[in-house]
Amino acid sequence: GFRTTLGGYLEDDDVSAAIVYAADNGAQIISISWGDVILAPIINDACNYAYNLGVSVVASAGNEGGVGLLYPAALDNVLSVTAVDENLKICSFSSYGEGIDLCGPGLSIYSTYLNNEYKTESGTSMAAPFVAGCAGLLLSQNPLLSNVEVYNLIKISCNDLGDEGYDNVYGYGIIDAEKLLQNAGADIKPLSTIFYPPYNTGYMQDIPIIGTAYCENFFCYTLGYTTKQEPVENDWLDVITHNPEPILYTDPVVDDTLGTFIINGIQDSTYYIRLSMKDIHGKNYIDIVKISVDRTPPQFVPNATASTFRYNFDKKDYYILSTATEPSQFCATCFSAYSDTFSLIQKKYDYFTTMKLPQHLPDESYSYYLSIQNHAGLSENSTIFSDAITIDNSTISTSGFDPIASYSHSVYLCSNKYDIDGDGKIELVFMEFPDEGSYGPVRFCEYDNINNELDVVYTMSNSFIPWSIGDTDADGNHEILGNRADSMLIYEAVTPTSYPSRYVNSINDAYTGTFYDFNNDGSDDLVVRSADIIGSYSHYDVYSRSGDNFNLECMILNNTHTYSRNELSPNIRFGDLNNDSKRNILFSDIDGDILIYQINNNYSVTRIDSLKIPIPNAYYNAVGDFDGDGLLEFIVGGYSDDDDDVNNQFWLYGVYKYIDGNPTLLEYIQIAGVSSNNGLSVGDLDGDGADEIVIAAAPDIYIYKLIDNGKSYDIVPQWVGSSYRTYQPVCVDVNNDGSYKAAYNHYDQNDSLVLVLSSFPTDPPAPSTPMPQNFYVMPLCKDIVSFSWNAQIADSFYLYKEQGQNIEMIVIPGNKTSYLDSNVIADSLYEYSLSAFKDGQESYRTLPTEIIPIDPPSLHSVNMISLNSILLNFDKTLNRDCEQVSNFYLNEYGYPESVIPTNSQLSLLLTFAVPLQEIDSPFMLSVENIVGIFNTPMADTILAFMYQEDLTRPYIASSSLERSKEIYIGYNETVDPVTAGNISNYTLLFPEIAEANSISRIQVDNEAVTLTLTHKIKPVGEPYFIKIFNVTDLAGNYILPGKNLIKITIPITDLDNVAVFPNPATIENETLYFQNLPTSGSADFYIYDLEGNLVNTFSAEFLSEDYNSAEWDLSNQSGKKVASGMYFYLIKYSDL
2 GFRTTLGGYL EDDDVSAAIV YAADNGAQII SISWGDVILA PIINDACNYA
52 YNLGVSVVAS AGNEGGVGLL YPAALDNVLS VTAVDENLKI CSFSSYGEGI
102 DLCGPGLSIY STYLNNEYKT ESGTSMAAPF VAGCAGLLLS QNPLLSNVEV
152 YNLIKISCND LGDEGYDNVY GYGIIDAEKL LQNAGADIKP LSTIFYPPYN
202 TGYMQDIPII GTAYCENFFC YTLGYTTKQE PVENDWLDVI THNPEPILYT
252 DPVVDDTLGT FIINGIQDST YYIRLSMKDI HGKNYIDIVK ISVDRTPPQF
302 VPNATASTFR YNFDKKDYYI LSTATEPSQF CATCFSAYSD TFSLIQKKYD
352 YFTTMKLPQH LPDESYSYYL SIQNHAGLSE NSTIFSDAIT IDNSTISTSG
402 FDPIASYSHS VYLCSNKYDI DGDGKIELVF MEFPDEGSYG PVRFCEYDNI
452 NNELDVVYTM SNSFIPWSIG DTDADGNHEI LGNRADSMLI YEAVTPTSYP
502 SRYVNSINDA YTGTFYDFNN DGSDDLVVRS ADIIGSYSHY DVYSRSGDNF
552 NLECMILNNT HTYSRNELSP NIRFGDLNND SKRNILFSDI DGDILIYQIN
602 NNYSVTRIDS LKIPIPNAYY NAVGDFDGDG LLEFIVGGYS DDDDDVNNQF
652 WLYGVYKYID GNPTLLEYIQ IAGVSSNNGL SVGDLDGDGA DEIVIAAAPD
702 IYIYKLIDNG KSYDIVPQWV GSSYRTYQPV CVDVNNDGSY KAAYNHYDQN
752 DSLVLVLSSF PTDPPAPSTP MPQNFYVMPL CKDIVSFSWN AQIADSFYLY
802 KEQGQNIEMI VIPGNKTSYL DSNVIADSLY EYSLSAFKDG QESYRTLPTE
852 IIPIDPPSLH SVNMISLNSI LLNFDKTLNR DCEQVSNFYL NEYGYPESVI
902 PTNSQLSLLL TFAVPLQEID SPFMLSVENI VGIFNTPMAD TILAFMYQED
952 LTRPYIASSS LERSKEIYIG YNETVDPVTA GNISNYTLLF PEIAEANSIS
1002 RIQVDNEAVT LTLTHKIKPV GEPYFIKIFN VTDLAGNYIL PGKNLIKITI
1052 PITDLDNVAV FPNPATIENE TLYFQNLPTS GSADFYIYDL EGNLVNTFSA
1102 EFLSEDYNSA EWDLSNQSGK KVASGMYFYL IKYSDL
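Numbering (our numbering), first residue to last: 2 to 1137.
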């Protein structure tokens, strides 16, 4: 997967669908500025699909700053581009290595940006568009060039950089647009290209090498291999003899076998195969592919297979995790005693897998086993993991913890336990997020429980992020600690009941901090997270106050092992964690280390314990009494933000307690998905004497309770809602009466992000009737909607049905857990929710579910579109769940490698690992789990389709203007006379200044088509274009979308059509234009006044079809503007 500029996430199937969509809709060039270190088959298949449609695919090499190209740039059918600076030196961030094709400018490039802006950016992502733009410029000159010709023209038009000829840093050099256009008309044939083996494939036996080695003045070619990523010439060994001296092949080869890689005697490893061709002048042409030799099946890493669940808003998602000894494709087969068997298949080859189970599985225990297959096709099966996954579809309540007050902006909250102004209310302290910039006003709010409002009682004149409230000089005047840039600022109140206003001092090179009485002397000290790094260690610093100065008393280092640097969390916590009546410090770091220190009264600390949580970025921690036993527990969490796999983006929190003197893990909390701007807090929100855990994990916020079961602990979610940009939720006793409420940012009904204060209800209390669980709504067809749920027996259930302004309540008997609603209007939007009614009390309603009754999709056709791809066409838009490869199984060929949605989710492109063989026709394809966009299910089916012998799509091979009214079109094969003779399949894209025209007659003769126009076409200084749609060959294959354009340029050999404008020219005009000049040669211009005096002369050289105009700047030979009047021009034309 890939991160977007705005922080969104695109999975592999998203970008693959975009590639296929672009190719299907006539794109001739696709520029890709993203990449992945791991090749997903679906990305490979999408690029192959586009390439086979004639698309030129250009991709950035990557910004990894070393050897190794990202995918898809590393694919052999993609032009890979690295970046150079203004001195034509490789940029430090650029990826390079074997397979790099060329380079482009990539440092400090000023270009377009989002929201109609411009911005300077650097990266290979900036270099690739230069090459794509040059490819577009080339096709504007000759739209009939194939992508093979485009690739080769670009390579031979580069200016060499680095080592002479091709090298693995700069490839063929830097793109040269002028040289490319000069070569545009050259007869370029394929040069040095390996077609087989494909890039990044695996083999167990000798490998035939198929491709082309041909050029003008051909001399020889060689085939070598190496295991090194940055080889020198002596590292290359011959593919047959395994010696440094290569075999010289002196006969050119076109689309045939070049040689064979003999693997007997070499070790299993990753290898680079190089085709190196030379002409008689010594110029070298290179192509390199990466393959692996693997004769050993993959193995499962012992004790590295498990299942888990993660909270995903109001339900749980279930996952299977495993690890292999080499990159492999994982497949999990899951089964239970009462349900159908299903499979999960990972979409790429990797060492690790995290496979998500389908939603809406029944509440059952599932067993599973795994199989893994490496690039060479070798496989291994695991043991069966019996009853390893128990599905629990219970629903987290989204009601009962509702906002009671709000503030009209989103804020950065600060924890506070003080009634600063002495009026009996504890203030909410926060920085209001500004509309622009990083720092907004710091405000103090109080809760008005009469009007349920948050009232601002004080606003500071300074802008910063508040972190803590305390008193470092024990004078009773409250102080506030805040951060601005890299400094911690301290402000103090001037009286015990006033708000902080006086600036005291600042601590520089510090990010975060808190007040805490470190020395236990009655005065708070200052504990800050320093920005300074000592070696690889970051640290906290403790300061005491003397007057208005702060003195460094001690430094708390994080000296745990690290792979980079021990960056500490912004939060440090205090409390008697091990119940020994001594105070402790708790903090965590980016590596997942948890450190616990004992505080000594002489400003020193002693580390007593360290733990490891299996997650990076462990920035979040808190301390509280979670089970209400009077002893403290602590929670530490972090997140995995894997750009390659959305299933590896999750939060992990560990809850710990000292038991028998040892810090012990009680339970983990996992939450699916990762977004920025999150936080953690604890507080007794329900008044039972135990602190709840509040986790803001955008776009959600959760409340959890720790339950002591005697021999074990459970963490039970109490409520979930929506939250965003809550860096630190705060649990606060705003009324100072022991009743805690939670403050966090939340989108209101007007879609505005505001601060809200929420609490559990007390008067009236929450209903005791349980809410129905796992409420699931699904249309069966356009006339019937199905409902199911889990619930205890009730007196009745209330189904709320809303359509527009109409609300209906349907009463369902209390012993039912399903219902069919047949009183619906097809294609209309409905919203349903469900509640339970028992003993005179109604439960909370379930979350509303929107649904549109619609008939299920049906499969219209199945067509082979290549030897290993088929296209399934449906009559209705499909749900994204249909893209799972396990939904399709082809007899003799198994599951497809990839499934790519196309045609606006109306079609699915299935690609298999090997070509389909005619001997296996008719093919039997099993299709299951297909649902429409609103989950209307299609019946599972098995369908047959036939082998299609002719899969070549027609395209325009040549075109010419035969006479002034007749246009000849030459196709690559015989076309269908009906579609080729249909005038509506042709669109004339003629210049606006040309005479209106139309097609009067079409003559079709096998592969030749002649169009006769109503009027002659004349030179107008611009090319004429004709675009062709829906023409097929005799097998019904449609014309290639990128090769359906004709460009007609009319040579001009005289001066009969010269046009001059503006004429007359006025004082406002700066330039006079001469158009429709001859399309070759040169022209000299002479300007005279009425008296015959020569006013000025100028020339237009190298006239061509794309440059046949000239300009006069209305000046004389002295450079001064000419006076108003009449002038004559004389043009002298010379045809070179």
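For every residue, glycine included, the Cβ atom is placed at its ideal position computed from N, Cα and C.
If you're wondering where the values come from, they're calculated on a predicted model, not measured in any experiment.
Just so you know, the alpha carbons of Asp626 and Ile595 end up roughly 19 Å apart. Per DSSP, Gln142 is one residue of the alpha helix (DSSP H) stretching across Thr125 to Gln142.
Contact between Pro857 and Cys782 holds, with the beta-carbon distance rounding to 7 Å and staying under 8 Å. Straight through space, the alpha carbons of Leu830 and Asn143 are spaced by roughly 51 Å.
Selection Asn1077, Tyr312 and Ala24 evaluated against Phe651 yields Tyr312 as nearest (Cα-Cα).
Scanning its chain for C-beta atoms nearer than 6 Å, with the 5 sequence neighbours on each side dropped, one finds around Leu40 the residues Tyr72 and Asn201, in chain order. Nearest in C-alpha terms to Asp424, of all of Tyr669, Thr498, Met432 and Asn375, is Thr498. Counting only residues of its own chain and dropping the five nearest sequence neighbours on each side, Ile984 has a CB closer than 7 Å to the CB of Ile1000 and Ile1003. CA-CA distance, Gly36 to Ala62, rounds to 8 Å.
Excluding sequence positions up to five before and after Asp422, its CB lies within less than 6 Å of the CB of Thr498, all in the same chain and listed in chain order. DSSP places Gln330 inside the beta strand (DSSP E), whose first and last residues are Lys316 to Phe336. Between Pro780 and Pro854, the C-beta gap is smaller than 8 Å, which places the two residues in contact. Counting of Cβ neighbours within 10 angstroms places Lys742 among the buried residues, the total reaching 16 or more. In this structure, DSSP gives Asp393 a state outside helix and strand, which the three-state scheme calls coil.
Following the DSSP letters along the chain, one finds Ser112 inside the beta strand (DSSP E) bounded by residues Ile110 to Tyr114.
For the beta strand (DSSP E) assignment, the uninterrupted runs of no fewer than 3 residues enclosed by the stretch 541–572 are, from N- to C-terminal side, 550–558. Counting the other Cβ atoms within 10 Å of the Cβ of Thr258 gives fewer than 16, which makes it exposed. Where Ala744 is concerned, the enclosing beta strand (DSSP E) starts and stops at Lys742 to Tyr748.
Within a 10 Å sphere around the beta-carbon of Gln729 sit 16 or more other beta-carbons, which makes this residue buried.
Remark: C-beta atoms of Leu756 and Tyr408 approach each other more closely than 8 Å. Per the DSSP secondary-structure output, Gln804 pairs in a beta bridge with Asn807. According to the DSSP assignment, Cys446 belongs to the beta strand (DSSP E) that extends over Pro442 to Asp449.
Beta-bridge partners assigned by DSSP to Phe1026: Leu990 and Lys1048. Counting of Cβ neighbours within 10 angstroms places Glu884 among the buried residues, the total reaching 16 or more. The beta carbon of Cys335 is closer than 6 Å to those of Phe343, Tyr367 and Tyr369 in its chain, skipping five residues each way along the sequence. By the beta-carbon neighbour count (other beta carbons within 10 angstroms, threshold 16), Pro245 is exposed. Just so you know, the alpha carbons of Asp577 and Leu653 end up roughly 24 Å apart. Distance from the Cα of Glu65 is smallest, within the candidate group Ile346, Ala74 and Ile866, for Ala74.
Residue nearest to Phe1075 within the set Ser1081, Asp1090, Thr1067 and Val1059 is Val1059 (criterion: CA-CA distance).
Looking only at Phe402, Asp796 and Asn484, the smallest Cα-Cα distance to Ser439 is reached by Asn484. Closest by C-alpha distance to Thr665, out of Glu428, Ile557, Gln268 and Leu633, is Leu633. Contact between Tyr820 and Phe788 holds, with the beta-carbon distance rounding to 4 Å and staying under 8 Å.
Taking the Cβ atoms as the reference, Ile508 lies roughly 22 Å from Ser537, outside the contact range of under 8 Å.
Between the alpha carbons of Lys1017 and Tyr1039 lies a gap of roughly 30 Å. Ranking Ile609, Ala623 and Asn648 by CA distance to the CA of Ile321 puts Asn648 first.
Just so you know, the alpha carbons of Leu868 and Leu1035 end up roughly 18 Å apart.
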